[in-house]
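This report refers to the structure that appears directly beneath it.
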Amino acid sequence: MNIHALLVNRFNEALQEMGVENAPVPVSRSARVEFGEYQFNGAMALAKQLKQKPRDIAEKIVSIVKLDDIASKLEVAGPGFINVHLKDTWLANQCELALTDPRLGIAKSSPQNIVVDYSSPNLAKEMHVGHLRTTIIGDAVVKVLEFLGHNVIRQNHMGDWGTQFGMLLAHLSDKLQEEVAETALSDLEDFYREAKVRFDEEEGFADRAREYVVRLQGGDAQCLALWEKFIDVSIAHSEEVYDKLNVSLTRKDIMGESAYNEDLASVIADLKAQGIAVEDQGAQVVFLPELADKEGNPAVYIVQKSGGGYLYATTDLAAMRYRSGKLNADRTLILTDARQALHFKQTEIVGRKAGFMKEEQTYEHCPFGMMLGSDGKPFKTRTGGTVKLVELLDEAVERAGKLIAERDNELSEDELKEVARKVGIGAVKYADLSKNRTTDYMFNWDSMLSFEGNTAPYLQYAYTRVKSLFRRANVDIAALPVDITIAEKQEHALAVLLMQFEEVIGMVSRDATPHLLCTYLYDVASAFMTFYEACPMLKEGIEPNVRDSRLALCALVSKTLSQGLGLLGIETLEKM
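Sequential numbering of the sequence shown, starting at 1, is according to our numbering.
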């Protein structure tokens, strides 16, 4: 049940009954519990139109709006705010419905075709921490969209083409002749460095590399065979990371830069034919007055180099055309770091001018900030190198294992390993996902692995605490009577939060903001802890119906935490 949508609908009906058409219906959550759970703030905006005092308008709305089934009280406050206090019996009924529904009462949306472009590692190197945010934010967004019933098309726009591959293929060709290719490719970073040193310092090697580029782009069979070998090994490295991260990307989701190679010439031809791209100093350029500087000079968007070479811009325009025409995408979401925001803004302007996508189709760049070290600079190794993602994840599991081993637990060795894996990986993911994606954040082992505060271990622990309650009560959740009564303020507060799940999921799907889901789950877990302390269930003398009602609320908490963490790609545990 989407309480916000329900209230908007009821207030809108009231306004229409008053003869007010197409007016905004601003309903928001109340900032303080004494003001109820929701607030309608539209009366002041109607004062001029209706030529009445805002408070009088609010009183009139209260007398008309049909909320007797939902609200225990409506009150006009201040200059015309309408505070909505939700009814305990209605909340209890909604919780019962959610508990018996596999989807927890969350309705599916009208399905859309949604392309989500994320992860996108460069296949010349192993994945490093710079790929973490796009990969896990993108995957959380994908999972939410699919949960809502959309047809989601994952697009892993891997860097698998371009001039650097000439350098790599020339080096790989030499390694094959030495019959050490497999060993050479076991560490892509070392392989890349070796090739780069040869390119910079070895006489004649750079010319050979450029020759390989020409042959590769021309479809030379030997070069393509080498390229495919290199790509295969590179993808295997990425798959190892995706598996550790519990990310849903597979090989079939890869749509590398090479996939658009045959369309690049056509993209340029179309832009020239429409007069959108013009020659400037030998290059093909689009001038964008929409993004002019302070002096009025239009922004410059180069789509083809003077030597005839193509750029990221060309490939991204081809990708746009493919996603719009072939995939029929209603929405395209692209997750990259914020430094590429201008590029994608320019790409959208050019693509729309050229008709590469339909007017109603959206093109949404979803930027994110950087992961910073404790020094406030981009996260690096102690020696200043890039941090391999697989090594970071292995360290997270190792650290989690040590922390859990130090706590009181009855885990076997195998159970400890499994708990360490889920807690370690979950901690890394949640530390990132819980931050607003548009901001930078500081990587800190101690805070992300803490069992206190807004962390994955805290949420995972809250989930196991609910599970332990049922074990101690010797009650099977599936056999629990679904009959909830809300009498205490802590029960009320928890029920309200549990019924706001759909609202949060909707916001995440609309704005690609998983941190809102993290905040929500933390609030649920915190409200559960408060409820647990104030509303005993297993204490002697508790009436059976009160115990079962409170256990039913606990069951809904566990299902909500499990579903929410699952959408974030974080695993839960039965015990810790």
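Using N, Cα and C, we set each Cβ at its ideal position, and we do this for glycine too.
All of these numbers come straight from a predicted model, not from anything done at the bench.
Residue environment, residue i, which counts as buried when at least 16 other CB atoms sit within 10 Å
i	result
T572	buried
K73	exposed
P481	exposed
L494	buried
N156	buried
K358	exposed
V350	buried
G159	buried
P514	buried
R471	exposed
T89	exposed
Q49	exposed
P457	buried
Limits of the unbroken alpha helix (DSSP H) element including residue i
i	result
A579	Past the boundaries of the shown model lies residue 579; the chain is included only from 1 to 576, so the question cannot be answered.
L116	What sits at residue 116 in the sequence shown is Val, not Leu. Not the alpha helix (DSSP H): V116 falls in the beta strand (DSSP E), residues 113 to 117.
K48	43 to 50
H492	489 to 498
S63	54 to 64
K402	389 to 406
F11	3 to 17
F579	Only positions 1 to 576 of the chain appear in the structure, and residue 579 is not among them; the question remains open.
G580	Nothing about residue 580 can be reported from this structure: the residues present for the chain run from 1 to 576 only.
D548	544 to 567
Beta-carbon proximity check, residue i vs residue j, cutoff 9 Å
i	j	result
T332	T362	yes
V557	V466	yes
T578	G373	This structure cannot speak to residue 578, because the chain is shown only from 1 to 576.
T336	P378	no
V303	I254	no
V213	G162	yes
K87	D101	no
D432	L67	no
L99	I484	yes
G80	K51	no
A124	F165	yes
G424	L393	yes
V233	T135	no
Y617	I334	Beyond the ends of the chain as shown, which are 1 and 576, falls residue 617; an answer cannot be given.
E360	D408	no
N9	A107	no
K575	L449	no
L288	A299	yes
K429	L188	no
Y312	L264	no
Bounding residues of the beta strand (DSSP E) (the contiguous stretch that carries residue i)
i	result
R421	Careful: R421 lies outside any beta strand (DSSP E), inside the alpha helix (DSSP H) at 413 to 433.
R37	The sequence as given places Glu at residue 37; Arg does not occur at that position. No beta strand (DSSP E) contains E37, which DSSP labels as neither H nor E.
K580	Past the boundaries of the shown model lies residue 580; the chain is included only from 1 to 576, so the question cannot be answered.
S626	Outside the shown range of the chain (1 to 576) lies residue 626, about which nothing can therefore be said.
Beta-bridge partners of residue i, as assigned by DSSP
i	result
C366	L335
P378	L372
M442	L372
A479	None, per the DSSP bridge assignment.
L86	A71
V241	None, per the DSSP bridge assignment.
F147	Its beta-bridge partners do not exist; DSSP assigns none.
H128	K388
N122	G159
V76	I82
heavy atom of the ligand GDP below 8 Å from residue i C-beta
i	result
L91	Because no ligand of any kind appears in the structure shown, any question about the ligand GDP cannot be addressed here.
* At 3 residues or longer, and completely inside the stretch 153 to 226: list those beta strand (DSSP E) runs for me, N to C. => none
* At which residue ranges does the stretch 287 to 364 contain complete beta strand (DSSP E) runs of 3 or more residues, listed in the order of the chain? -> 299 to 304, 331 to 337
* Asked: Where are the beta strand (DSSP E) runs, 3 residues long or more, that stay fully inside the stretch 252 to 287, in chain order?
  -> 278 to 280
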